[in-house]
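Peer 1: Read in the UniProt record's numbering, the sequence shown has 41 at position 41, and its numbers run on one by one without any break.
One structure is given below, represented as structure tokens, and several questions about it will come after.
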Amino acid sequence: MEHRLAALWLPPGVHVEPGEHPVETVRREAREELNIEAHPLDADKLPVFLTWTNTVGVDSHADISLWFLLQASADDALVWDSREFVSVRWWTPSEINNSAQSQFDPHMQRFLAKVDAIAAWGNN
């Protein structure tokens with residue numbers, strides 16, 4: 001998602017509501033921000049990656065992000081809030097790796113390396 005304020009391509013994200021399991025947050029966010037049904041791939045419903053980012057600007061704060069692997073259909077029509085996002089699209093890992101890294105979440109490369117490690121471990 002090309003975020004207007006951050007001027008970066010970011011994965012969907014939102015704050016977890018009190019009493020809400022993070023997996024339910026992921027599902028809700030996918031419906032609200034993209035109009036898709038997303039299903040975490042981890043049977044234990046645990047994030048595969050955790051990041052801490054200090055934001056910049058007037059309301060700077062620490063952003064703690066839980067990254068999940070999801071299953072969704074690339075054929076689903078993506079719908080987004082144009083006040084918050086310039087555009088949305090699906091990116092392949094190869095497209096991300098062959099693009100300027102400064103346009104993505106600063107943790108994206110580490111996340112992709114983690115996904116590769118998970119895939120390699122699952123194939124052994």
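Backbone N, C-alpha and C define an ideal beta-carbon position, used for all residues, glycine too.
1) Which runs of the alpha helix (DSSP H), 4 residues or longer, sit entirely within the UniProt domain "Nudix hydrolase" (1-114)?
2) Can you tell me whether V26 is buried or exposed, with buried defined as 16 or more other CB within 10 angstroms of its CB?
3) Rounded C-beta distance between P40 and V23? I'm assuming under 8 Å.
4) Look at D42 and T55 and say whether their C-beta atoms are less than 8 Å apart.
5) Hey, P12 and L34 are a contact pair by Cβ (cut 8 Å); roughly how many whole angstroms apart?
6) What does the alpha-carbon distance come out to for the pair N123 and P106?
7) Assuming the contact rule is C-beta atoms closer than 8 Å, F111 and W52 should be a hit. Round their C-beta distance to whole Å, please.
Peer 2: In short, the structure shows the following:
1) With a minimum length of 4 residues, the continuous alpha helix (DSSP H) runs that stay inside the UniProt domain "Nudix hydrolase" (1-114) are 22-29, 93-97.
2) In the sequence shown, residue 26 corresponds to position 26, counting from 1. Burial call: buried.
3) Residue numbering aside, residue 40 sits at position 40 when the sequence shown is read from its first letter. Residue numbering aside, residue 23 sits at position 23 when the sequence shown is read from its first letter. So it is a contact: roughly 5 Å between Cβ atoms.
4) Position 42 of the sequence shown holds residue 42. Position 55 of the sequence shown holds residue 55. Result no, Cβ atoms of D42 and T55 do not sit closer than 8 Å.
5) Within the sequence shown, numbered from 1, the residue matching residue 12 stands at position 12. Within the sequence shown, numbered from 1, the residue matching residue 34 stands at position 34. With 8 Å as the limit, P12 and L34 qualify as a contact, their Cβ atoms being about 6 Å apart.
6) The residue given as residue 123 occupies position 123 in the sequence shown. The residue given as residue 106 occupies position 106 in the sequence shown. Answer to the nearest angstrom: the Cα atoms are 28 Å apart.
7) As a working note, residue 111 is residue 111 in the sequence shown. As a working note, residue 52 is residue 52 in the sequence shown. With a Cβ gap of about 13 Å, F111 and W52 do not count as contacting.
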